Every structure is written in C-alpha cells, then in structure tokens.
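Chemist: Under the working numbering, residues -4 to 266 are what the sequence shown spells out, in order. Don't be surprised by glycine CBs; every beta carbon is placed ideally from N, CA and C. Here the structure is a predicted model, which means the values were calculated and not measured. Structure provided below as structure tokens; questions to follow.
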Amino acid sequence: MPFAIQELQSAYKAYQQFLARNPPAHHARYIFPFFAGSYFAFRKLDVERVAAIAKSISSSPRYVDIGCGYGDFLEKVRRLVPDASGIEKEGGIFYAFQIPKPDHVQLMPVEGLSGPVDMAFVGWMEPGQDFRRFVARCARCLVTTFDAGGQCGINGGCEYDEFGYERIAWWRTPSWIDVNAELMNRYYSPSLDAKKKEQLAKLRTAHNFWYVYARPNIAGRVRLGLKAQLEIEDANDRYDFESALDECGFCYKEELPALANNRKLWEVMFD
Ligand SMILES: C[S@@+](CC[C@H](N)C(=O)[O-])C[C@H]1O[C@@H](n2cnc3c(N)ncnc32)[C@H](O)[C@@H]1O
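Shown next, in the form of structure tokens:
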C-alpha cells in the first residue's frame, strides 16, 4: 500500500518546521527526501548515465519515470532528454500541499501504462510495491534503483531477469537513509562526542543499487552507450547538493571500509 496522505501531512508539517529553523544547505534533501529530493541519493553523473542509456536506444527516446513523485530526478533527466515524462499514482501528493503538478507528470498507475517505451526508470519503491510485470509489459530497457535486501514483492527481489531482460551493469550509491544517518550523527546528535562520531562514521555504508536491464536484442547498444558515457564522465561537473554527499563521506569512487566487497561507490560493474 503506498503511503497514506495523512502520514504525508504530518511529514510535511515536520518538513516546514525544519525549514523554519534555517538548516544547513541541502540537509532537507536527505532528511525529507520525498518533499525536497529523491529517495535515492544521486549525482549529476547518475542522471547523465541514465540519459545516455536512453539515448543509446533512440536519439529521442520514449522515456518514462514510474512512480516519479514530484519528479526531482525526472526534472534533471529532462534537461538531457526533453521529452521524458513521468507517471505517478497518487495525485493527492500535489493537491494536498498545493504543489503544482508539472505537465510532464501524468497521474496514473503503472498498471494502466500502455507501451511501448524505450526506457523506464523505477526509482526506489516502498517495500512490498511490486509492479515489475507491468513495467516489463512496456519497456525495452530499464534502470531501477532499490535498497540492498530488495523491496519488491514477497521475497524482496527487484530484479528483472525473470521478465526476459538481460542485466547489463550495476553500481552502488548511498540511499537517502544512509545519508540521513550520517547527517543525524554529525549534526543532530549533540550527545555524541567527537570520538564517537568518528567511530560511527567509519561504520557508514551505502545500500542503494542501480541495475540496468535491456531486452536481449538491444543489450549490445545499451552496453556500448553506457561505456561511451563513462569515458567522458566528469565527476567535477556536479549539482550543488552533492556537497552534502561529500561531507558525509560518500564521495565519488569512495571505498567504504564497512563494505565487505569494498567496491567503490559509483563504480560501474558490467555483467
Ligand atoms: C517511495 S516514492 C519514490 C518517489 C521517487 N521515485 C523518488 O525516488 O523520490 C514511490 C512513489 O511511487 C508511487 N507509486 C506507487 N505505486 C505506484 C504505481 N503502481 N504506479 C505509479 N506510481 C506508483 C507512489 O505514489 C510514490 O510517489
């Protein structure tokens, strides 16, 4: 069951109270991700990777962000893929808070999406939301983000292999929860002394995965498109809110001591 508007209303009140205290720049983004950001932490290079994947399929791809919320990520993708659109099941999120609904966001559930689309983006669903078969009905290629342990369906898996897709690549980033925990330890826990904060920082980890899938007949193009993007990737070309990720110890290509396999953040692994 997606979140209730009533719950959102209390969260929105807390968000407004938090803003009234003039918090440091960009903290709201990771403390109230639904209102001020996205549930997955991202950098400009994630947006560029996703756009490059879409453009490897077509120069003007049909791109849809499924469950886009207010469209924070989508709005950035549209700077590179101008016709990209989003669908959102819960129209109440706009009306309850008098937030204008952008024209490129259509209020409808994914179950009603009639394809085909070149690329679907599925960014972080609430645990238990599993609409993979509806995505698979329409999308030639897709990028999905989800937390380690999975969130979809009874068994949690958010993979699309069983729907006839080939996984092309994956990378790891922090989720908003990871960033939130670091912000809380560093700035909002006055009882922690400096030593304790340092110890806690060493335990930080990153739980969000980005998986890229494509139908087998376009897998080669998608792989090449992503590889070409990585060759020109410039981590110095960034959004201002990325500073919060850096200050929390989630830098580009950072290795986290607490991660067993010690993979670098944002490092793309091809299958
Ligand atoms: C956790 S929020 C994530 C929003 C956004 N993608 C982000 O990462 O910030 C999940 C969103 O998906 C929407 N949603 C849930 N089930 C959906 C469905 N079947 N079709 C379309 N949207 C759906 C919810 O209303 C909610 O806005």
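#1: Buried or exposed for residue 208, going by 16 or more other Cβ atoms inside 10 Å?
#2: Hey, is residue 4 close to ligand 1, as in C-beta under 7 Å from one of its heavy atoms?
#3: Mark residue 227 as exposed unless 16 or more other C-beta atoms lie within 10 angstroms of its C-beta, in which case mark it buried.
#4: Please name the residue in 28, 4 and 6 whose C-alpha comes closest to that of residue 236.
#5: Residue 247 and residue 38: beta carbons closer than 8 Å?
#6: Rounded to a whole number of angstroms, what is the C-alpha to C-alpha distance between residue 84 and residue 109?
#7: My output table needs one value for residue 58: the three-state DSSP class, helix, strand or coil.
#8: So which of 55, 42 and 133 has the shortest CA-CA distance to residue 115?
#9: Among 73, 16, 89 and 82, whose alpha-carbon lies nearest the alpha-carbon of residue 0?
#10: Within 10 angstroms of its Cβ, does residue 252 collect 16 or more other Cβ (buried), or is it exposed?
#11: If we ignore side chains and look at the alpha-carbon of each, how far apart do residue 16 and residue 232 end up?
#12: Helix, strand or coil, according to DSSP, for residue -4 in the structure here?
#13: Kindly identify the DSSP beta-bridge partner or partners of residue 81.
#14: By how many angstroms is the C-alpha of residue 193 removed from the C-alpha of residue 164?
Modeler: According to the structure shown:
#1: Buried is the call here.
#2: It does not: the Cβ of residue 4 is nowhere closer than 7 Å to a heavy atom of ligand 1.
#3: By the Cβ neighbour-count rule, residue 227 is exposed, with fewer than 16 other Cβ atoms within 10 Å of its own.
#4: Of 28, 4 and 6, the residue nearest in Cα terms is 28.
#5: Taking 8 Å as the Cβ cut-off, residue 247 and residue 38 qualify as a contacting pair.
#6: One C-alpha to the other measures close to 15 Å.
#7: Reduced to three states, the DSSP call for residue 58 is strand.
#8: Among 55, 42 and 133, the Cα nearest to that of residue 115 belongs to 133.
#9: Closest option to residue 0, judged by alpha-carbon separation, among 73, 16, 89 and 82: 89.
#10: With fewer than 16 other Cβ atoms inside 10 Å of its own Cβ, residue 252 counts as exposed.
#11: Spanning the two alpha carbons is a distance of roughly 30 Å.
#12: Because residue -4 sits at a pLDDT of 43, beneath the cut-off of 50, its placement in the model cannot be relied upon, and the point is left open.
#13: Residue pairing by DSSP places residue 81 opposite 60 and 100 in a beta bridge.
#14: In this structure, the alpha-carbon of residue 164 lies about 33 Å from that of residue 193.
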